[in-house]
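Residue numbers (the numbering used here): 8 to 137.
So, in structure tokens, the structure goes:
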């Protein structure tokens, strides 16, 4: 198990799989699996060291913003699929009503996330202008 605080120190920039595993006291294979997942959700990026096959993993300063923004695209795809389901099943059927309710929920989340992200952008611009 990683010592307390290790993840925060590892998140302050970039590491190789080996150095990350050593610091966290976990195997390189465990780091690789974790990084693969984190890359899929856009929380880290893999980068090649110039002139080497070795990869380094970078955590970006706006990682949470990027992760939420990318989740928004996933929600939109779910909404499209739900719309197709409602149309195919019929909005007046029990299954169609359930899908429509789920669609309403995702549309509500999408609006909330969009408003939250806009507030964050405005806050960040104001903060950085100081």
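Glycine is no exception: its CB is placed at the ideal position from the N, C-alpha and C atoms.
Leaving out five residues before and five after residue 81 in sequence, what residues of the same chain have Cβ atoms less than 6 Å from its Cβ? Counted from its first residue, the chain shown places residue 81 at position 74. If we look at residue 81 and ignore the five residues flanking it on each side, it has no Cβ neighbours.
Stretch pair the region 39-53 + the region 70-85: three plus CB contacts closer than 8 Å: yes
Residues bridged to residue 62 (per DSSP): The residue given as residue 62 occupies position 55 in the chain shown. DSSP lists 55 as partners of residue 62.
Do you know how far the Cα of residue 30 is from the Cα of residue 117? Along the chain shown, one-based indexing puts residue 117 at 110. Along the chain shown, one-based indexing puts residue 30 at 23. Answer to the nearest angstrom: the Cα atoms are 38 Å apart.
Using CA coordinates, which residue listed in 34, 109 and 45 is at the minimum distance from residue 66? Position 59 of the chain shown holds residue 66. Ranking 34, 109 and 45 by Cα distance to residue 66 puts 45 first.
Roughly how many whole angstroms lie between the Cα atoms of residue 42 and residue 69? Here residue 42 refers to the residue found at position 35 of the chain shown. Here residue 69 refers to the residue found at position 62 of the chain shown. Spanning the two alpha carbons is a distance of roughly 17 Å.
Mark residue 64 as exposed unless 16 or more other C-beta atoms lie within 10 angstroms of its C-beta, in which case mark it buried. Counting from one through the chain shown, the residue named residue 64 turns up at place 57. Result: buried.
Sequence-distant residues of its chain with Cβ nearer than 6 Å to residue 106 (five each side left out): Counting from one through the chain shown, the residue named residue 106 turns up at place 99. The answer, listed in chain order, is 89, 92 and 93.
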